[in-house]
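One structure is given here, and the rest of the page talks about it.
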Amino acid sequence: VGASLRGWCICSSPAPAGVHDTDDSAAFPSAGSGASGPSACSSTEPSERAYAWPSDEELAQVVELRAALTPQERLQLAAEPVDIKSDLFMSRFLRSSPGDLPKSLKAVQRHLTYRSKFATIIARSRARFGPEATDFDFSRTLGSPQLHALFRSNFELSTRAGTNDGMPVAFMVTRFFDVRKFTNSSQEELTEWMISVLEQRVVLLHNQSMKEHRMAKVVEAKDCMSTSILQLIGSPRALMLLSRTLGYTDFYPEILGVMVLFNLDPGMKTMKLIRRAIGLICPHVLRKCIFAEVGDWSTCVCLPRSLSPAALPLYSAHIETLQDGALWEDVSSDRPLAHRAKAMVSGESCRWRVSLRDTAGRRIVSESAVRVSAWFFEEAAKFGGQASVTCCQEPIVLGPKVDATSGFGSFTAPRHGVLLVEVLMWGRSRSAATVAITLEVGDGEVPAHDASGRAAGGGVSGDPPAASAIVARRRSGGGGRESLSVAWVLVLLLSWLVFHVAAERFLSVLG
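The opening position of the sequence shown corresponds to residue 1 in our numbering, with each subsequent residue numbered one higher.
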């Protein structure tokens, strides 16, 4: 079930946005609070406890674990690489089943059997990187160029630009994941790729742990915007491949620190139902999840165990690469957010311009609008603390309703940090537009993207004249589409989870 849930997290998001409940008295959210208020965060365990070095009690239990192995298993363990046979790695098995030594022992034995079965693949995987490796590199993984291209939306952030508490981050932009191409992959190739990913990961985490004297873990961050779970659930072969492939993660306990699911549908109607289902069936998975709505940067970035501000420029640059460097990009109710980020040093000035134009084949609906906001992020005052975010200037609203299609602004950094300019779509479900965002260092004004655009520069501030009316219209219609999607997602997800629970119990009886 855990592997299936993790597979769902990799390739899922809530149903496409329709109407989102928003308080008319707050047409636009406060700084970094998301499209309809703060998101919920399930991961509340402090970093000190989550990544603590094995205690004396745990090390004593490790001795018991080793003594309980058969002579042949002890010989095999002694011949394994140092990152596998270390007390640190054995402690991960203990923490995956706290207080249940027999269960931990069975997990260790299953891991040794797994290493024997896939010894050839493991040896080939480790031949691609040295034992002293510190940064993850996808080019070192097994698999064909076609398979690597399938996971092109994945990228890694090292501890230097990972989380606020110094953990590496594995990013995935789910809307660029091609389920159809995934189903054309062979199980053998996916198995080799996944094992090579896990072997490289466990070596890197071991080296980081030994250096920092704490149990390092990886944080997985999933950009879930504009991706539907129905696309995955509608393909039985994709579910089968995903479940089998991710099942190998069960042999590497406690290497996942937190899973950050961000850019979720505002209102989180779907996620609230799914969280309840996960909480009932797999509460240990839910405790490691952070949920953040579209535009909720305070949850996505500022929490101690979430992304650090230094991750934002790298993430933004990765999105541009996936879009082949295109200046203009579409925003709509299904994909409501576009953004750019830039690292700044103290005293440095940065200027930006945002332009809006019609999407090819779709007109800008008169009720629609985009809100342009600028946020400045500062690193935590102390290691593992909470980063801060402040609003650089009052939001600018662009669109036909307010008779403005271009806006600009500037900001001087008071300290080292990151400037992020975001464009958030507001309007009915058929709304669509194309935006361009440019950030440049220095003073002056950024040249216009389109000479015909009318500027609504930094002097325009506050809510637009018809802001409340815009939100009220969004609340008044179209709710049936989202309700239907929520119902289908919940029914299908619960059916999927029940099937896996039944299958696992059936296999345990046979075993």
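For each residue, glycine too, the CB sits at the ideal point set by N, CA and C.
For this session: Could you check what DSSP says for residue 69 in three-state terms: helix, strand or coil?
Result: DSSP places residue 69 in coil when its eight states are reduced to three.
Exercise. Got a sec, what are the start and stop residues for the beta strand (DSSP E) residue 207 sits in?
Worked result: Segment 187-212 is the alpha helix (DSSP H) holding residue 207; no beta strand (DSSP E) there.
For this session: Assign residue 323 to one of two classes, buried (16 or more other C-beta atoms within 10 Å of its C-beta) or exposed (fewer than that).
Result: exposed
Problem set entry | Collapsed DSSP secondary structure at residue 516 in the structure displayed | Lying outside 1 to 511, the shown extent of the chain, residue 516 is not represented and no answer is given.
Problem set entry | residue 297 (DSSP reduced to helix, strand or coil) | Helix, per DSSP.
Exercise. Name the DSSP bridge partner or partners of residue 330?
Worked result: BP columns for residue 330 point to 434.
Exercise. What's the C-alpha gap between residue 212 and residue 306?
Worked result: Cα-Cα distance, rounded: 19 Å.
Problem set entry | Unbroken alpha helix (DSSP H) run spanning residue 104, endpoints | 101-117
Problem set entry | Given 8 Å, three or more beta-carbon pairs between the region 195-203 and the region 112-124 | Judged by Cβ distances under 8 Å, the region 195-203 makes contact with the region 112-124, as three or more pairs qualify.
Exercise. Comparing alpha-carbon positions, which option in 293, 227, 109 lies nearest residue 67?
Worked result: Nearest to residue 67 by C-alpha distance, out of 293, 227, 109, is 109.
Problem set entry | Under 7 Å between C-beta atoms of residue 387 and residue 309 | yes
Problem set entry | Cβ distance (whole Å) where residue 339 is taken to contact residue 423 below 8 Å | 7 Å
For this session: Verify whether the separation of the beta carbon atoms of residue 245 and residue 174 is less than 7 Å.
Result: no
For this session: Identify whether residue 137 lies in helix, strand or coil by the three-state DSSP scheme.
Result: coil
For this session: Compare the C-alpha of residue 209 against each of 320, 168, 80, 97 and name the closest.
Result: 168
Exercise. Between the C-alpha atoms of residue 457 and residue 315, what's the straight-line distance to the nearest angstrom?
Worked result: Residue placement at residue 457 is poorly supported in this model, since its pLDDT is 46, which falls under 50; the coordinates still yield a value, given next. The straight-line gap from Cα to Cα measures roughly 27 Å.
For this session: Check the DSSP bridge columns for residue 125 and list the partner residues they point to.
Result: Residue 125 is not bridged to any residue.
Problem set entry | Buried/exposed call for residue 48, threshold 16 Cβ in 10 Å | exposed
Exercise. In angstroms, rounded to a whole number, what distance separates the CA positions of residue 538 and residue 225?
Worked result: Coverage of the chain is limited to positions 1 through 511, which leaves residue 538 absent and any answer about it impossible.
Problem set entry | Cβ-based burial, residue 238 [other Cβ within 10 Å; buried from 16] | By the neighbour-count criterion, in which 16 or more other beta carbons inside 10 Å mark a residue as buried, residue 238 falls on the buried side.
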